[in-house]
Amino acid sequence: LEAGFSSSAGQARMTGIQPTSTSSHSAKTRKARQHTGKRHSFQWINGQIIAASEHGGLDGLLQTVSMHLEHMNLVNLSTAIHRLAKLCSRDHNVQAKLLKQPVLEQLLDTISAAFGALQPGEAQPQSLNNVAWSLATMRLAPRPLIQAMASSAVANINSFKPFELSTMLWAFAKLGASDGMSSSASWCVKPLFHASAAHILKHGHNFAFRCLATTAWAFATSRQRNARLFRQIATQMVPMVHAANCQEMANTAWAFGTADFHDDRLFNELADKALLRLPEFKPQELSNILWGFATNGFFHEAFFTAAAQVVVHQLDLQAQHL
Numbered sequence: 156l157e158a159g160f161s162s163s164a165g166q167a168r169m170t171g172i173q174p175t176s177t178s179s180h181s182a183k184t185r186k187a188r189q190h191t192g193k194r195h196s197f198q199w200i201n202g203q204i205i206a207a208s209e210h211g212g213l214d215g216l217l218q219t220v221s222m223h224l225e226h227m228n229l230v231n232l233s234t235a236i237h238r239l240a241k242l243c244s245r246d247h248n249v250q251a252k253l254l255k256q257p258v259l260e261q262l263l264d265t266i267s268a269a270f271g272a273l274q275p276g277e278a279q280p281q282s283l284n285n286v287a288w289s290l291a292t293m294r295l296a297p298r299p300l301i302q303a304m305a306s307s308a309v310a311n312i313n314s315f316k317p318f319e320l321s322t323m324l325w326a327f328a329k330l331g332a333s334d335g336m337s338s339s340a341s342w343c344v345k346p347l348f349h350a351s352a353a354h355i356l357k358h359g360h361n362f363a364f365r366c367l368a369t370t371a372w373a374f375a376t377s378r379q380r381n382a383r384l385f386r387q388i389a390t391q392m393v394p395m396v397h398a399a400n401c402q403e404m405a406n407t408a409w410a411f412g413t414a415d416f417h418d419d420r421l422f423n424e425l426a427d428k429a430l431l432r433l434p435e436f437k438p439q440e441l442s443n444i445l446w447g448f449a450t451n452g453f454f455h456e457a458f459f460t461a462a463a464q465v466v467v468h469q470l471d472l473q474a475q476h477l
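First residue of the sequence shown: 156, per our numbering; consecutive thereafter.
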């Protein structure tokens, strides 16, 4: 028996392979179980956040966030702020109430610390996108968090999908343009927009019309003039105008007007398409597209004539539309 079945120690001496000790194996097993438990715990917390936002209203969601805040990872944190922002977007009274709650400041501080602890390139675009959209929707721009997010976005720019990047730019532009927020957000906008422009110039062929329109709006709103980028956006948009809705066409015309970038081919395509859908335009959308064309010195007789008739007979315009 001894000749046929040598001990594990003997086998190790003959093969040069050290046997794994029982204590070492147990430690690895415990570590693996702890890691799995954490992962499952994060998933469970996310489920609790979502359930509270859908069934518990603001009070229930805040209670859930407060209860689990110290155990949340970045995905949980971004889900929490995103769900709070969605509640606020439906009811301004909810936002007024939320701004008075200490847990909101605690949540923002925790998110800021989580982003600050990441290594360059570690931030997930979806988390960045969700937090940026949430801050813009709630009109909140805490400087440390904005700085951490902008740095993370620049370091991770090549990982963004077109929708994620265009939404991120929209959020930073909106934060910078909001009253009282320019000092907190605008100072870190330039590096982000510079990195985004370089990325879009290489990968813009993957962007749908909606993402291009949002990107153009964001650059124009932030006063980030980039003629090369707008030229590429215009070229890509021309064959896709047929897929645009009224808001996207209006935002595009407004963005090009604000950026003072003229492109006859794009404007003619927009005017031709908008002419067929004039009754569908909301007052603000029609006002924006007319303003964008006029600011750029573009005149499409058929469109302007038909738009005038719609204004006179169909639309209920407010002072700002006039």
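Where a beta carbon is used, it is the ideal one built from N, C-alpha and C, also for glycine.
Fair warning: this is a prediction, and the values are worked out from it, not measured in the lab.
Can you tell me whether residue i is helix, strand or coil according to DSSP?
{"i": "Lys437", "result": "coil"}
{"i": "Phe453", "result": "coil"}
{"i": "Pro297", "result": "coil"}
{"i": "Asn443", "result": "helix"}
{"i": "Asn406", "result": "helix"}
{"i": "Gly192", "result": "Note that Gly192 scores a pLDDT of 49, beneath 50, so its modelled location is shaky; the value from the coordinates is reported in the next line. In the structure shown, Gly192 sits in a helix (DSSP, three-state: H, G or I)."}
{"i": "Arg383", "result": "helix"}
{"i": "Phe459", "result": "helix"}
{"i": "Val467", "result": "helix"}
{"i": "Lys252", "result": "helix"}
{"i": "Asn201", "result": "helix"}
{"i": "Asn400", "result": "coil"}
{"i": "Phe416", "result": "coil"}
{"i": "Ser163", "result": "Residue placement at Ser163 is flagged as unreliable, the pLDDT there being 40, under the threshold of 50; the coordinate-derived value follows with that caveat. Of the three classes helix, strand and coil, the one that applies to Ser163 here is helix, per DSSP."}
What are the boundary residues of the alpha helix (DSSP H) that includes residue i?
{"i": "Gly276", "result": "Element bounds for Gly276: n/a, residue is neither H nor E."}
{"i": "Asn423", "result": "419 to 431"}
{"i": "Cys243", "result": "229 to 245"}
{"i": "Phe348", "result": "344 to 358"}
{"i": "Ala373", "result": "364 to 376"}
{"i": "Pro317", "result": "317 to 332"}
{"i": "Arg314", "result": "Looking at the sequence shown, residue 314 is not Arg but Ser. Run containing Ser314: none; DSSP gives neither H nor E here."}
{"i": "Leu213", "result": "212 to 223"}
Assuming the contact rule is C-beta atoms closer than 8 angstroms, residue i and residue j should be a hit. Round their C-beta distance to whole Å, please.
{"i": "Leu479", "j": "Val465", "result": "Missing from the structure shown is residue 479; the chain here goes from 156 to 477 and no further."}
{"i": "Ser351", "j": "Leu324", "result": "6 angstroms"}
{"i": "Gln391", "j": "Leu367", "result": "6 angstroms"}
{"i": "Val258", "j": "Leu290", "result": "Rounded, the Cβ-Cβ distance is 16 angstroms, inconsistent with contact."}
Using a threshold of 6 angstroms, is the CB atom of residue i nearer than that to any non-hydrogen atom of the ligand COA?
{"i": "Ala350", "result": "The ligand COA is not part of the structure shown, which contains no ligands of any sort."}
Fill in: the region 382 to 390 contacting the region 401 to 418, beta-carbon criterion three pairs below 8 angstroms
yes
Discussion item. Could you check whether the region 264 to 273 touches the region 204 to 212, counting it as contact only if at least three pairs of C-beta atoms, one from each stretch, sit closer than 8 angstroms?
Written reply: no
Practice prompt. Would you check if there are 3 or more beta carbon pairs closer than 8 angstroms linking the region 299 to 318 to the region 271 to 278?
Written response: yes
Item to complete: Determine contact between the region 233 to 243 and the region 288 to 302, defined as no fewer than three beta-carbon pairs at a distance below 8 angstroms.
Response: yes
Worksheet item: Is there contact here, the region 244 to 255 with the region 278 to 288, by at least three beta-carbon pairs under 8 angstroms?
Response: no
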